[in-house]
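Engineer: Supplied in structure tokens, the structure appears directly below.
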Amino acid sequence: MVNVYGAAARFYDALSGERVVYRAGRECGVALLGLRPGDTVLDLACGTGLNFALLVDAVGPAGAVIGLDRSREMLEMARRRVKSNGWTNVRLVEADAMTFDPMVVVKELPAARGSVDGVFSSYAMSVFTDWHPAWDRMRALLRPGGRACIVDMQSPVKIYRVFSPLARIAAAVGGADLKARPWTIIEREGVDVRSVAVRGGHIRVAAATIPPNPQPGLSLG
Ligand SMILES: C[S@@+](CC[C@H](N)C(=O)[O-])C[C@H]1O[C@@H](n2cnc3c(N)ncnc32)[C@H](O)[C@@H]1O
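Here it is in structure tokens:
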């Protein structure tokens, strides 16, 4: 399979339908995540960093944003974004979301922080061959009482089904599975769940406080 997030990384922002369709999901997601100044947040599979401005704004200069992605090329674009905006509290980690050791993220946190206050992922978990191990890692990194938000896509619903062919093209280009529905894990496992659909149901956003895992499969060191 062609690695669309390698060679095409330079064109991702221009081709991603950001303004017309997908920005609405990230804005809604970051708002529902409910970060506070001084918080730390993981942006899983951050790509070129299209969420960073919103996340940096939410956590403020005393907080920190950790962007993780497995594509060196996407991270290079993210690095340029960080540099051009002068963000000194954004760290980037090259790793596979399905297999990374959560300690690689902990190492990037400000001193004395062993977990993050929030975990966020947009338009990425539906691209993974299996998002469950990625969720386990997000959850392992989250402090007790921390919040998670997943933004992802599915086929449009109701009268908006007319746009389904366009959604299928967008998914095929990006390698996403429109049936993956990764936000459902937050709906099932979260407390105070906020789950909304935007852009004709094509974009789903779910956010919640995540209780500690009673049977942790992963631990932090
Ligand atoms: C559609 S892009 C979304 C990027 C970003 N989250 C956004 O909202 O624009 C999907 C991203 O997932 C990354 N990705 C795909 N599989 C991955 C994996 N197993 N581990 C980490 N990143 C992965 C790709 O490199 C790409 O940057």
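Just so you know, the sequence shown maps onto residues 3 to 223 in the working numbering.
Idealized CB from N, CA, C, for every residue including glycine.
Owing to the predicted nature of the structure, the values given are computational and were not obtained by experimental measurement.
1. Out of ASP179, LEU17, ALA126, PRO213, which has the shortest C-alpha to C-alpha gap to ASP71?
2. How far does the alpha helix (DSSP H) with VAL58 in it extend, from its first residue to its last?
3. So ILE171 is in the beta strand (DSSP E); what residue range does that whole segment cover?
4. Does the Cβ of VAL95 lie closer than 7 Å to at least one heavy atom of ligand 1?
5. Return the bridge partner residues of LEU34 from the DSSP annotation.
6. For ARG82, is the classification buried or exposed, using 16 other Cβ atoms within 10 angstroms of its Cβ as the cut-off for buried?
7. Could you tell me if the beta carbon of ARG81 falls within a distance shorter than 7 Å of some heavy atom in ligand 1?
8. Taking only the alpha-carbon atoms, compute the straight-line gap between ALA80 and PRO213 and give it to the nearest angstrom.
9. Pull up the CB-CB distance for VAL129 and GLY177, whole angstroms please, since I reckon it's below 8 Å.
10. Rounded to the nearest angstrom, what separates PRO148 and ARG38 at their Cα positions?
11. Is GLU110 helix, strand or coil when you go by DSSP?
12. Do CYS48 and ligand 1 come close, with the Cβ less than 7 Å from some heavy atom?
13. Tell me whether the segment 58-65 and the segment 181-189 touch, counting them as touching only if at least three CB pairs, one residue from each stretch, are closer than 8 Å.
14. Report the option in THR50, THR211, SER197, GLU78 whose CA atom is closest to the CA atom of VAL118.
15. Does the beta carbon of GLY40 fall short of 7 Å from some heavy atom of ligand 1?
16. From the DSSP output, in three-state form, read off SER86 for me.
17. Can you look up ALA11 in the DSSP assignment and give me helix, strand or coil?
18. Nearest-angstrom Cα distance between ALA169 and ARG141?
Structural biologist: So, from the listed chains and residues:
1. ALA126
2. 54-61
3. Looking at the DSSP string, ILE171 is not in any beta strand (DSSP E); the run it does join, the alpha helix (DSSP H), is 166-176.
4. no
5. DSSP lists no partner for LEU34.
6. exposed
7. no
8. 31 Å
9. 5 Å
10. Reading off the sequence, residue 148 comes out as Gly, not Pro. The alpha-carbon atoms of GLY148 and ARG38 are separated by roughly 11 Å.
11. coil
12. yes
13. no
14. THR211
15. no
16. helix
17. helix
18. 29 Å
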